[in-house]
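The next block holds one structure in the form of structure tokens; read it before the comments.
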Amino acid sequence: MALINCNFFSYTLGMDSSMTVLLPEKRQQPHIPNPDKKYPVLYLLHGHSDDNTSWLRKSLIELLVRDYDIIVVMPNAHRSFYTDSKHGHRYFKFFSQELPVVVGNFFPASNKREDNYVAGLSMGGYGALKLALNCPDRFAAAGCLSGAISPSEALEAANRSSMFTVSDFEENFYNVFGGKEEMENTANDLFHVADELDKKDVPKPRIYHSCGKGDPLYNTNIAFRDYMMKRTSFDYTFEESGGGHNWDFWNRELPAMLRKFGIINDPNGLEYPSFL
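Residues 0 to 275 in numbering that gives the first Met the number 0 are what the sequence shown spells out, letter by letter.
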């Protein structure tokens, strides 16, 4: 695939931003003009201590999609939780409104709902669900791997374990959200947003959700699973297996998620090496 490291100015954030992009490429074939061709887009969101290069450096994403007509956009969210911060930048507005326009202007990206997907891990899993549930007219499906479903519970997990190595996670949480009580029953509360969307007679995103049994965020992921399966009518899939909050688990889950989306269709294709 073609690889582009893209730096651009964000009007919403008021500063330069960056994204890493994979573009379809037919190797060993001549380049033929095709200005009307539009490709599906997968927005792949990083975790709290990562950046826009992490998926490319640490996962199998390029190998998995190299034979398919799909654009993969890996944007930099810093430590924003994909949220309009209480004391900072408007990252939710950036991701939900500005970034799709930037991608459409720069690349041959389809803007059709059925051609757009969003997925992420940890903080990015929270962001993917938040974007899809708040913007159901934009995304056909969402994927959440080991999601920080409830950022306040992620904070508690960080205090109990060594999952996060950044010492100021708590300060960042309050800078972004203001506090646990300020999140409840808002666009930042995934349980609330899912419940409100379920009541509406509109197309809803398909959801793929997975978490390892050894993940410090396992309990909150299971709580969201139970909520979605027992109290909503979403097309919702949950998978769990042994594993923790790490790239070994995310790489094992990535092929299944892409197949569930219909992005890849090789049931016996590339898998994460079992010896790693």
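Heads up, the beta-carbon is just placed ideally off N, CA and C, and yes, glycines get one too.
In this text, all values refer to a predicted model and were calculated from it rather than measured experimentally.
Just the C-alpha distance for residue i and residue j, rounded to the nearest angstrom, thanks.
| i | j | result |
| --- | --- | --- |
| residue 246 | residue 174 | 27 Å |
| residue 243 | residue 212 | 7 Å |
| residue 273 | residue 239 | Here residue 273 scores only 47 on pLDDT, less than 50, and its place in the model should not be relied on; the value that follows carries that caveat. Approximately 17 Å between the Cα atoms of the pair. |
| residue 190 | residue 207 | 16 Å |
| residue 228 | residue 192 | 15 Å |
| residue 11 | residue 204 | 26 Å |
| residue 74 | residue 86 | 21 Å |
| residue 216 | residue 167 | 19 Å |
Between the options, which lies nearest to residue i when the distance is taken from Cα to Cα?
| i | options | result |
| --- | --- | --- |
| residue 78 | 106, 171, 146 and 113 | 171 |
| residue 134 | 4, 202 and 0 | 202 |
| residue 249 | 90, 43 and 187 | 43 |
| residue 52 | 235, 39, 76 and 263 | 76 |
| residue 278 | 112, 106, 107 and 145 | What the structure shows of the chain is the stretch from 0 to 275, and residue 278 is not part of that stretch, so it cannot be assessed. |
| residue 131 | 41, 21 and 35 | 41 |
| residue 45 | 35, 37 and 60 | 60 |
| residue 252 | 63, 94 and 200 | 63 |
Mind reading off the beta-carbon distance from residue i to residue j? Whole number of angstroms is fine, and I expect it under 8 Å.
| i | j | result |
| --- | --- | --- |
| residue 126 | residue 80 | 7 Å |
| residue 237 | residue 197 | Actually they do not touch by this definition, with Cβ atoms about 16 Å apart. |
| residue 278 | residue 147 | What the structure shows of the chain is the stretch from 0 to 275, and residue 278 is not part of that stretch, so it cannot be assessed. |
| residue 72 | residue 18 | 6 Å |
Are the segment 115-131 and the segment 170-181 touching by the rule of at least three beta carbon pairs closer than 8 Å? Using a C-beta cut-off of 8 Å, the segment 115-131 makes no contact with the segment 170-181, since fewer than three inter-stretch Cβ pairs fall below that distance.
Mind the definition here: the segment 134-146 touches the segment 64-75 only if three or more C-beta pairs lie below 8 Å; say whether that holds. No, the segment 134-146 is not in contact with the segment 64-75.
Pick out the complete alpha helix (DSSP H) segments inside the segment 120-195, 4 residues or longer, and give them in chain order. Those alpha helix (DSSP H) runs which fall completely within the segment 120-195 and span 4+ residues are 122-133, 150-159, 168-176 and 179-182.
Using a Cβ distance threshold of 8 Å, determine whether the segment 221-237 contacts the segment 23-38, with at least three qualifying pairs required. Verdict: no, contact absent.
At a cut of 8 Å, does the segment 49-57 reach the segment 88-103 through at least three beta carbon pairs? As far as the Cβ criterion goes, the segment 49-57 does not touch the segment 88-103, which means the pair count is below three.
Quick check for students: name the residue ranges of the alpha helix (DSSP H) that lie wholly in the segment 217-249, counting only runs of 4 or more. Within the segment 217-249, the complete alpha helix (DSSP H) segments at least 4 residues long are 217-230, listed from N- to C-terminus.
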